[in-house]
Amino acid sequence: MTRRHGRRAQVTAHLLLALVAAGLPAARVAAQAPRTDPSADAPAEPPPPEAEPPRCSRARRRAAPALALTAGLLLHGTGHLLACERRTGRRLLAAEGLGFGALVLGGGGIALTGASRKTVAPFATLAILGVGTFAASWLADLYGTLSGGANAGRPARAAPFELALGYRYVHDPQFAYGHGLHLAAEGWLHRTRLFGGAWLALDDDTQRATAGLSQRLLGARGRGDALDAEAALHGQRFGTDGFRTLGVDVLLRGRLELAHLGPTLAGSFVEAEVGLGLQGFGYDATGRGVREDWNGLLLGRVGWGVFLGPSGELVAYYDHRRDDLAGGLSVDSVASGVLGHFGLAGRGYIRDGRWGLAGELELGSALVVGLSVLHRGAAPREGGAR
29 MTRRHGRRAQ VTAHLLLALV AAGLPAARVA AQAPRTDPSA DAPAEPPPPE
79 AEPPRCSRAR RRAAPALALT AGLLLHGTGH LLACERRTGR RLLAAEGLGF
129 GALVLGGGGI ALTGASRKTV APFATLAILG VGTFAASWLA DLYGTLSGGA
179 NAGRPARAAP FELALGYRYV HDPQFAYGHG LHLAAEGWLH RTRLFGGAWL
229 ALDDDTQRAT AGLSQRLLGA RGRGDALDAE AALHGQRFGT DGFRTLGVDV
279 LLRGRLELAH LGPTLAGSFV EAEVGLGLQG FGYDATGRGV REDWNGLLLG
329 RVGWGVFLGP SGELVAYYDH RRDDLAGGLS VDSVASGVLG HFGLAGRGYI
379 RDGRWGLAGE LELGSALVVG LSVLHRGAAP REGGAR
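For the sequence shown, the numbering used here begins at 29 and goes up steadily by one.
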């Protein structure tokens, strides 16, 4: 209640300031105007009309996506500059510079320190965020010139709970499993989200499970801007291969609507997460449980996405995690064993109702393809979730 009153007071103050600012020029003109006889009935001359801002030609707007796709690869925001969206274009160019600078600092730090365990975490995190910012600024330039801000998509309203049941196929050359059943559930208690999930192989003795909680630090539920702190446990049992894993994660996850940078970017967003994890192994041959080979994990994820309609979204992302089903990319270079995996995930509800679909595609050392049916509780009315 206090926050709501504070917000109303802030809005009222802004309106008063705007009225005062608007009234100052008029008051100044009135003070400088020559005095006339109040009895004179001659009407005052109206002020000259203000000049309209120059309009952008249709040809320039049509050519903007092509420029964003070509020259915009080097100078992000070029498409918006051609489309007369100069402020948005300059902001995207600044974001590109920020991302490139973070990538150079992070990558250079890793090279200069020889990827030392004492310093690799901050340098790698900086490099991951730099790559994400660099890529997102170009995607935003292309998206904005194509949509022109006409995308009416918005974040889905938060529901008290959500259930998922589906199929997930995993093609991993190192293991025999392939087909699996996917289960997931989550629920909100005020600003705390509880979640859990499992993948059960249908053609092998392998199971994976995750459980955790997330606390909303900034932003309301069902809004595009948010910052969460999350802690989770995850484990996987490889019955056929005779070992198991157990891990714990602690991370920060955030999402930001790109409409803050310019109106043409409405309906799009960026997201990122950074954190640390710890993973241990246990072997059936030793019978000691999960007490061996404990290793630290650097967690990082960056993504760019768009809202689809009133309750859907599509996200392209890079996930630095290498201990899940997708694993890390196998490349024939010094980066082998270092990179995570790429993915594409989408979800949406039918007519903003209680039933929906979710799909995902991930490519790392394994290929993961999944499709699930979603069911959620009744979402509150607009503005009802906090």
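Even for Gly, the Cβ is constructed at its ideal location relative to N, Cα and C.
Owing to the predicted nature of the structure, the values given are computational and were not obtained by experimental measurement.
- As DSSP reads the structure, glycine 305 sits in a beta bridge with Asp277 and Leu325.
- Sixteen is the threshold: since fewer than 16 other Cβ atoms of the shown chains lie within 10 Å of the Cβ of asparagine 323, the residue is exposed.
- Glycine 208 sits close to alanine 229, with the two beta carbons spaced by under 7 Å.
- The beta carbons of arginine 382 and histidine 403 sit closer together than 7 Å.
- By the beta-carbon neighbour count (other beta carbons within 10 angstroms, threshold 16), serine 85 is exposed.
- Runs of the beta strand (DSSP E) lying entirely within the region 197-226, each at least 3 residues long, are 207-217 in chain order.
- Here the alpha carbons of histidine 369 and serine 400 stand approximately 21 Å from one another.
- Bounds of any alpha helix (DSSP H) do not take in valine 366, whose DSSP letter is neither H nor E.
- Looking at the DSSP output, histidine 262 shares a beta bridge with Thr238 and Gly275.
- Looking only at Gly247, Ala259, Ala248 and Gly225, the smallest Cα-Cα distance to leucine 241 is reached by Ala259.
- Taking every protein chain shown into account, the CB of glycine 315 has fewer than 16 other CB atoms within 10 angstroms, so this residue is exposed.
- Taking a contact to require three or more Cβ pairs closer than 8 Å, the region 194-202 and the region 388-400 qualify as touching.
- Each residue's CA atom was taken as its position, placing leucine 367 and leucine 279 some 19 Å apart.
- Along the region 134-166, the beta strand (DSSP E) does not occur as any fully enclosed run of 3 or more residues.
- For leucine 109, the uninterrupted alpha helix (DSSP H) segment begins and ends at 106-110.
- The residues Thr106, Gly107, Asp169, Leu170 and Thr173, in chain order, have a CB closer than 7 Å to that of alanine 96 in the same chain once the five nearest residues on each side in sequence are set aside.
- Under the DSSP assignment, alanine 94 falls in the alpha helix (DSSP H) whose first and last residues are 86-97.
- When secondary structure is reduced to three states using DSSP, histidine 288 falls in the helix class.
- Around tyrosine 346, the same chain offers Val330 and Phe370 as residues with beta carbons nearer than 6 Å, after the five sequence neighbours per side are excluded.
- Excluding the 5 residues flanking it on each side, glutamate 390 has same chain C-beta neighbours closer than 6 Å at Ala354, His369, Gly371 and Val396, in chain order.
- In the DSSP assignment, histidine 403 falls within the beta strand (DSSP E) that extends over 395-404.
- Secondary structure of serine 296 (DSSP, three-state): strand.
- Burial of valine 148 is indicated by the presence of at least 16 other C-beta atoms within 10 angstroms of its C-beta.
- For leucine 357, the secondary structure class from DSSP, reduced to helix, strand or coil, is coil.
- Residue nearest to glycine 129 within the set Ile156, Gly142, Gly117 and Arg145 is Ile156 (criterion: CA-CA distance).
- Taking the Cβ atoms as the reference, glycine 250 lies roughly 4 Å from alanine 186, within the contact range of under 8 Å.
- Annotated three-state conformation of glycine 331 is strand, per DSSP.
- Within a 10 Å sphere around the beta-carbon of tyrosine 197 sit fewer than 16 other beta-carbons, which makes this residue exposed.
- The beta-carbon separation of arginine 265 and glutamine 307, rounded to 14 Å, does not stay under the 8 Å limit for a contact.
- Secondary structure note for glutamate 388: its beta strand (DSSP E) is the uninterrupted segment 383-391.
- Residues of the same chain with a CB within less than 6 Å of the CB of leucine 325, apart from the 5 flanking positions on each side, are Gly305 and Gln307 in chain order.
- Taking the Cα positions, leucine 211 is about 7 Å away from glycine 194.
- Inter-residue distance for aspartate 269 and leucine 286 is about 46 Å (C-alpha atoms, whole angstroms).
- In this structure, DSSP gives glutamate 113 a state outside helix and strand, which the three-state scheme calls coil.
- Judged by DSSP secondary structure, alanine 344 falls within the beta strand (DSSP E) whose first and last residues are 340-347.
- Assigned with DSSP and collapsed to three states, arginine 319 falls in strand.
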